[in-house]
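These notes are about the structure you will find just below.
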DNA sequence: AGGCGCTTGTGAAGACGTGCACAAATCGCG
DNA sequence: CGCGATTTGTGCACGTCTTCACAAGCGCCT
């Protein structure tokens, strides 16, 4: 991996192979902080307070401070956090000091869009190879990359040092693809297929299912509707929204 | 086939049985259970045990039972859960007894793929309208739907009884679109733009950010790499492939 | 130099989610 | 008709996450 020293960073670059195992909830928020930090830096700021950054990232400021404290980050009391330093810190912890190579399997409807999405480059990733099992799609060019047959995965994976696999196939094909990815040494998989993947220990799988997201929203819609539709018939006055029960706090709504 | 009673299944048209406010974590899992149930039903099963369903959904069986108990579901001890009944129950709780109309704003790279994805229909949703701010895209037909200009949102939203809004615009446009959606009465938003949305209380926002998912995986990659570089004794993680497939423990097989 | 206002970092408490282990309930069978 | 096998539903203990509240630290102003 890269040996980049962080310019203004305190000398912790010398002996830090052992990353502190951050709470999973914290890890999930770090990317959001990172994006907010980049926005602020682009806007010309040099420092941020926890309050300001929390606002930009849509979280509580106490939570943000605790998250940052977990990775031993230095802010200055009375002043705030140094943007450049904090960006370096988070990018290092997230392993973004190297640009990771991503293999995308399944160039159908969604896969096509992912392959064409150019937002990955600025966030630390490079789509290095495209695969599909459908021979009629092999050879097609998308965004400067040629679609290869999935059988070529072993060879290409070795050449490109694939770090992360993305599965965008139909559900029935996903498990087999996952096994092929694992077989060539991939230990992190992002799965867009609506199914559960079985993988060996040590392999991380994250799942994104669009229909599930909609169904969760549907639940809240249903619940909101059933609340407002409650008639006062029975005489029991349950109807009053108790204490601004309004936001079930799915993702942070607006500033608390 | 069998004449099992369906207690409570049919007669819920008028009397809303006071939706219990389920734990958010449970709500997030119900759609996964639902999908697993449909798979099992298609495979010809009539009943499932909590163990079987948990396996198909990739969760712990105790967790599954507790989740189902929260929505007052009836299983039969010694037998299991009746598939048809449980499907009805979950679909009702999730508000899927009506097909919800979804408005998609932003027909770019990703939006195009979402509009063309036909997996929504089978999961309780209908993409009812497409919008874009770019005049050059207005009028285009996608999957039988015409792309309208976003200014038409008020009129179309009223006609189609839009229930959920999906934002697939570039980040700078997302906040404005969210406000337009809220203005026409949408209270549930699925946001694919990489930014934080500010919305009034009572509006639910869920966010899907592909780069964030990759960055979370990158962290784990980074951590795994730094671990293998250590003389740590706990080598059980990567080395062994114990008889093929291991535990399909939800998502992260590692951080447990 | 000293004091004052501002901000971080963190201990402690509470809320929430998870998993174990077992009693209660049901079916099938002899 | 009762018994054992099986499976649900749940009380309880434990770990994780969140939030509050405040002492410690820092810079600025007088």
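Residue numbers (full-length UniProt numbering), protein chains in the order written: chain V, 1 to 256; chain X, 1 to 256.
We put the beta carbon where it would ideally sit given N, CA and C, even for glycine.
1. Determine the contact status of residue 178 of chain V and residue 153 of chain V, defining contact as a CB-CB distance below 8 Å.
2. Which two residues bound the contiguous beta strand (DSSP E) that contains residue 100 of chain V?
3. Across which residues does DSSP place residue 117 of chain V in a beta bridge pair?
4. Shortest alpha-carbon distance to residue 118 of chain V belongs to which of V:57, V:102, V:106 and V:131?
5. Whose CA, out of V:188, V:209, V:128 and V:216, lies closest to the CA of residue 203 of chain V?
6. Does the beta carbon of residue 215 of chain V come closer than 8 Å to any beta carbon on chain X?
7. Quick one: which chain X residues come within Cβ less than 8 Å of residue 160 of chain V?
8. Please name the residue or residues paired with residue 219 of chain V in a DSSP beta bridge.
9. Evaluate residue 194 of chain V with the Cβ neighbour count: other Cβ atoms within 10 Å of its Cβ, from every protein chain shown; 16 or more gives buried, anything less gives exposed.
10. Counting beta carbon pairs with one atom in the stretch 65–84 of chain X and one in the stretch 34–47 of chain X, are three or more of them shorter than 8 Å?
11. Below 8 Å on the Cβ atoms is my guess for residue 104 of chain V versus residue 113 of chain V; work out the distance and round it to an integer in Å.
12. Please name the residue or residues paired with residue 47 of chain X in a DSSP beta bridge.
13. Please tell me whether residue 217 of chain X and residue 206 of chain V are closer than 8 Å, where the distance is taken between their beta carbons.
14. Output, in sequence order along the chain, the residues in the stretch 37–69 of chain X whose CB is closer than 8 Å to any CB in chain V.
15. Roughly how many angstroms lie between the CA atoms of residue 28 of chain X and residue 75 of chain X, to the nearest whole one?
16. How is the beta strand (DSSP E) around residue 146 of chain V delimited, first residue to last?
17. Residues of chain X with a CB under 9 Å from the CB of residue 72 of chain V: which are they?
18. Taking contact to mean 3 or more Cβ pairs, one atom from each stretch, closer than 8 Å, check whether the stretch 119–136 of chain V and the stretch 124–137 of chain X are in contact.
19. Pull out every residue of the stretch 111–138 of chain V whose Cβ sits closer than 8 Å to any Cβ of chain X, in chain order.
20. Does residue 101 of chain V come within less than 8 Å of chain X when only Cβ atoms are used?
21. Could you say which of X:144, X:162 and X:209 lies nearest to residue 110 of chain X if we only look at CA atoms?
22. Quick check on DSSP: helix, strand or coil for residue 20 of chain V?
23. Quick check: is the beta carbon of residue 19 of chain V nearer than 8 Å to any beta carbon in chain X?
24. Round the Cβ separation of residue 94 of chain X and residue 31 of chain X to the nearest angstrom and send it over; I've been treating them as touching at under 8 Å.
25. Kindly indicate the opening and closing residues of the alpha helix (DSSP H) around residue 77 of chain V.
26. Where do the ends of the beta strand (DSSP E) carrying residue 129 of chain X lie?
27. Suppose the cutoff is 6 Å on Cβ atoms and the five residues either side in sequence are ignored; what does the same chain contact list for residue 20 of chain X look like?
28. Would DSSP call residue 206 of chain V helix, strand or coil?
29. When the Cα atoms are used, what is the spatial distance from residue 107 of chain V to residue 169 of chain X?
30. Quick one: is residue 187 of chain V near chain X, going by C-beta distance under 8 Å?
31. Determine, using beta carbons only, whether residue 186 of chain X and residue 164 of chain X come nearer to each other than 8 Å.
32. For residue 166 of chain X, which of helix, strand or coil comes out of DSSP?
33. By how many angstroms is the C-alpha of residue 184 of chain X removed from the C-alpha of residue 167 of chain X?
34. Between the Cα of residue 192 of chain V and the Cα atoms of V:220, V:24, V:140 and V:175, which residue gives the shortest distance?
35. Would you tell me roughly how many angstroms separate the C-alpha atoms of residue 88 of chain V and residue 73 of chain V, rounded to the nearest one?
36. Taking 8 Å as the threshold (C-beta atoms), are residue 213 of chain V and residue 263 of chain X in contact?
Inspection of the coordinates gives the following:
1. The Cβ-Cβ distance between residue 178 of chain V and residue 153 of chain V does not fall below 8 Å.
2. Counting along the chain, the beta strand (DSSP E) containing residue 100 of chain V begins and ends at 100–105.
3. BP columns for residue 117 of chain V are empty, so no partner.
4. Of V:57, V:102, V:106 and V:131, the residue nearest in Cα terms is V:102.
5. Checked all of V:188, V:209, V:128 and V:216; the closest Cα to residue 203 of chain V is V:188.
6. Yes, because at least one Cβ of chain X sits closer than 8 Å to the Cβ of residue 215 of chain V.
7. Contacts between residue 160 of chain V and chain X, judged by CB atoms closer than 8 Å, are missing: the closest CB pair is about 15 Å apart.
8. Answer is none; residue 219 of chain V lacks a bridge partner.
9. Under this definition residue 194 of chain V is a buried residue.
10. A contact exists between the stretch 34–47 of chain X and the stretch 65–84 of chain X.
11. That pair is no contact at about 11 Å.
12. Under DSSP, residue 47 of chain X takes part in a beta bridge, and its partners are X:82.
13. Yes, the Cβ-Cβ distance between residue 217 of chain X and residue 206 of chain V is below 8 Å.
14. Answer in chain order: 56, 57 and 58.
15. A straight line joining the alpha-carbon of residue 28 of chain X with that of residue 75 of chain X spans about 21 Å.
16. Bounds of the beta strand (DSSP E) holding residue 146 of chain V are 145–149.
17. By Cβ distance, chain X contributes nothing, its closest Cβ being about 15 Å from residue 72 of chain V, past 9 Å.
18. At 8 Å Cβ cutoff, the stretches do not touch.
19. Within the stretch 111–138 of chain V, the qualifying residues are 112, 113, 114, 116, 117, 119, 120, 123, 124 and 125.
20. So no, residue 101 of chain V is outside the interface.
21. Nearest of X:144, X:162 and X:209 to residue 110 of chain X, Cα basis: X:209.
22. Residue 20 of chain V sits in coil when the DSSP states are folded into three classes, being neither helix nor strand.
23. At least one chain X Cβ lies under 8 Å of residue 19 of chain V.
24. Beta-carbon to beta-carbon, residue 94 of chain X and residue 31 of chain X are separated by about 7 Å, close enough to satisfy the 8 Å threshold.
25. Here residue 77 of chain V belongs to no alpha helix (DSSP H), and DSSP marks it neither H nor E.
26. Note, residue 129 of chain X: beta strand (DSSP E), 125–132.
27. Here the set comprises nothing.
28. In the three-state scheme derived from DSSP, where H, G and I count as helix and E and B as strand, residue 206 of chain V is classed as strand.
29. So the two alpha carbons sit approximately 22 Å from each other.
30. For residue 187 of chain V, the nearest beta carbon of chain X is closer than 8 Å to its own beta carbon.
31. Yes, the pair counts as a contact, with Cβ atoms nearer than the cut-off.
32. DSSP places residue 166 of chain X in strand when its eight states are reduced to three.
33. The C-alpha of residue 167 of chain X lies about 15 Å from the C-alpha of residue 184 of chain X.
34. Cα-wise, what sits closest to residue 192 of chain V is V:175.
35. Rounded to the nearest angstrom, the two C-alpha atoms are 10 Å apart.
36. A query on residue 263 of chain X cannot be resolved here, the shown segment of chain X reaching from 1 to 256 and no further.
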